[in-house]
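Colleague: In full-length UniProt numbering, the protein residues as written are 1 to 353.
A virtual CB, placed ideally from N, CA and C, is assigned to each residue, including glycine.
#1: Output needed for residue 83: all residues of its chain with C-beta closer than 6 Å, excluding positions within five of it in sequence on either side, in chain order.
#2: One question on the structure: do residue 215 and residue 234 come within less than 8 Å of each other, judged by their Cβ atoms?
#3: Let me know if residue 210 comes out buried or exposed under the rule of 16 or more other beta-carbons within 10 Å of its beta-carbon.
#4: Tell me, to the nearest whole angstrom, how far the beta carbon of residue 51 is from that of residue 26; I am working on the premise that it is less than 8 Å.
#5: Tell whether a beta-carbon distance below 8 Å holds between residue 40 and residue 88.
#6: Would you say the stretch 161-173 touches the stretch 244-264, given that touching needs at least three Cβ pairs under 8 Å?
#7: Between residue 222 and residue 282, which are expected to be in contact by the criterion C-beta below 8 Å, what is the C-beta distance as a whole number of angstroms?
#8: Decide if residue 123 is buried, meaning its Cβ has at least 16 other Cβ atoms within 10 Å, or exposed.
#9: Just the C-alpha distance for residue 160 and residue 58, rounded to the nearest angstrom, thanks.
#10: Using DSSP with H/G/I as helix, E/B as strand and the rest coil, what is residue 124?
#11: Are there 16 or more other CB atoms within 10 angstroms of the CB of residue 309, so buried, or fewer, so exposed?
#12: Helix, strand or coil: which one does DSSP assign to residue 290?
#13: Roughly how many angstroms separate the alpha carbons of residue 171 and residue 265, rounded to a whole number?
#14: Quick check: the Cα distance between residue 14 and residue 6, rounded to an integer number of angstroms?
#15: I'd like the span of the alpha helix (DSSP H) that includes residue 42, first residue to last.
#16: Within its chain, find whatever has a CB closer than 8 Å to the CB of residue 292; leave out the 5 residues flanking it on each side and keep chain order.
#17: Relative to the C-alpha of residue 80, which residue among 194, 45 and 149 is closest?
#18: Exposed or buried, residue 140, counting other C-beta atoms within 10 Å across all chains shown (16 or more means buried)?
#19: Tell me, please, whether the stretch 245-255 touches the stretch 266-275 by the rule of three or more beta-carbon pairs shorter than 8 Å.
#20: Which residue wins for smallest C-alpha separation from residue 193, given the options 49, 156 and 169?
#21: I need the boundaries of the alpha helix (DSSP H) containing residue 195, first residue and last residue.
#22: Which residue wins for smallest C-alpha separation from residue 61, given the options 36, 34, 98 and 75?
#23: With which residues is residue 220 paired in a DSSP beta bridge?
#24: Rounded to whole angstroms, what's the CA-CA distance from residue 38 to residue 18? Just pull it up for me.
#25: What are the uninterrupted segments assigned as alpha helix (DSSP H) that are 4 or more residues long and contained completely in the stretch 86-165, given in chain order?
#26: What's the C-alpha gap between residue 327 and residue 138?
#27: Residue 55 and residue 63 - do their beta-carbons sit closer together than 8 Å?
#28: Out of 201, 220, 43 and 168, point me to the one whose CA is closest to residue 184's CA.
#29: According to DSSP, is residue 30 part of a helix, a strand, or is it coil?
#30: To the nearest angstrom, how far is it from the Cα of residue 174 to the Cα of residue 145?
#31: What first and last residue would you give for the alpha helix (DSSP H) that runs through residue 76?
#32: Once DSSP output is grouped into helix, strand and coil, what is the label at residue 327?
#33: Decide if residue 3 is buried, meaning its Cβ has at least 16 other Cβ atoms within 10 Å, or exposed.
#34: Go to residue 241, then tell me how far its alpha helix (DSSP H) extends in each direction, as first and last residue.
The following block contains the structure:
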């Protein structure tokens, strides 16, 4: 930052401290416009970045948000700035300075992801920005938005997402554990992220067995010295076992195993056809080359709009708790007709090699 801009920011900081928010906001816009007219994007960036932070931290969400969007659209976009660590760091700092209930924040998140998609390497948007947004939404109980971003996040995203799901699960019926586990596992597989699917499933099972030690005591390990693969079977939770085997099949690239699973668990899958059917069809095509009819649309976001993800725009799209993300939504899957399954699953004869 040049000495001239540093003095400008210092003057506006004094105005903001005195409560002259409107005057500071307008002067920052005017000064920035001069730099933009000269195509001096670095100087415009310094003014807008520091000015937006000052206003946002003073609780002026609308004014600070206006400067933040100006930074993104008039500097990052028009200047065609690449999606690198330094540029992302500024946006992340601004994002975390927004007041929780400021409407501009949601637009800012949408547009920073759009910028990263255009000037970064990943069409879905930068994973770091998705993770920042998703974690923020999860902490505030914004359920749908948290899922939407964390599924496209980083290797640090699965535990955050699973913690959100497990907190909801604890307030629901015990036999619905597989449905809550699937909320992260299936989407990660749909976006082609096997590592995160595995991480999410392992984290969910760890939380489940820690809370319910009897499940671990009754479980049966399956291991292969040849392949190094292993998993744990829970005889009383067949659909959780199904998810484990699906992840295993994806690891092995084993279409025959995937088809075998569909037959073996057919009776149980019938109960969740409306929730899992489309997702499993997409997974079959993505991981095993099992073609399905093309119907247009984006399979990930189609899935996120289904009951599995609570729906967009309905009452279930937002948590109503204390901000911990622990309150179930109206989109929470209801118990399968007839209540919990009473039968105990026999150990399936699956080859891990």
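Modeller: Inspection of the coordinates gives the following:
#1: 116, 119, 120 and 126
#2: yes
#3: exposed
#4: Going by Cβ atoms, the distance from residue 51 to residue 26 rounds to 11 Å, so no, they are not a contact pair.
#5: no
#6: no
#7: Contact doesn't hold; Cβ gap of about 26 Å is too wide.
#8: exposed
#9: 29 Å
#10: coil
#11: Model confidence at residue 309 stands at a pLDDT of 43, short of 50, so the residue's coordinates are unreliable; what they give is reported in the following sentence. It counts as buried.
#12: coil
#13: 27 Å
#14: 13 Å
#15: 41-57
#16: 281, 282, 284 and 285
#17: 45
#18: buried
#19: no
#20: 156
#21: 194-211
#22: 98
#23: 233
#24: 31 Å
#25: 104-119, 127-139 and 143-150
#26: Legend: pLDDT at residue 327 = 36, less than 50; position of this residue unreliable, no value from coordinates given.
#27: yes
#28: 201
#29: helix
#30: 25 Å
#31: Looking at the DSSP string, residue 76 is not in any alpha helix (DSSP H), and its letter there is neither H nor E.
#32: In this prediction, residue 327 has a pLDDT of 36, which is less than 50 and means its spatial position is unreliable; nothing more can be read from the coordinates.
#33: exposed
#34: 238-252
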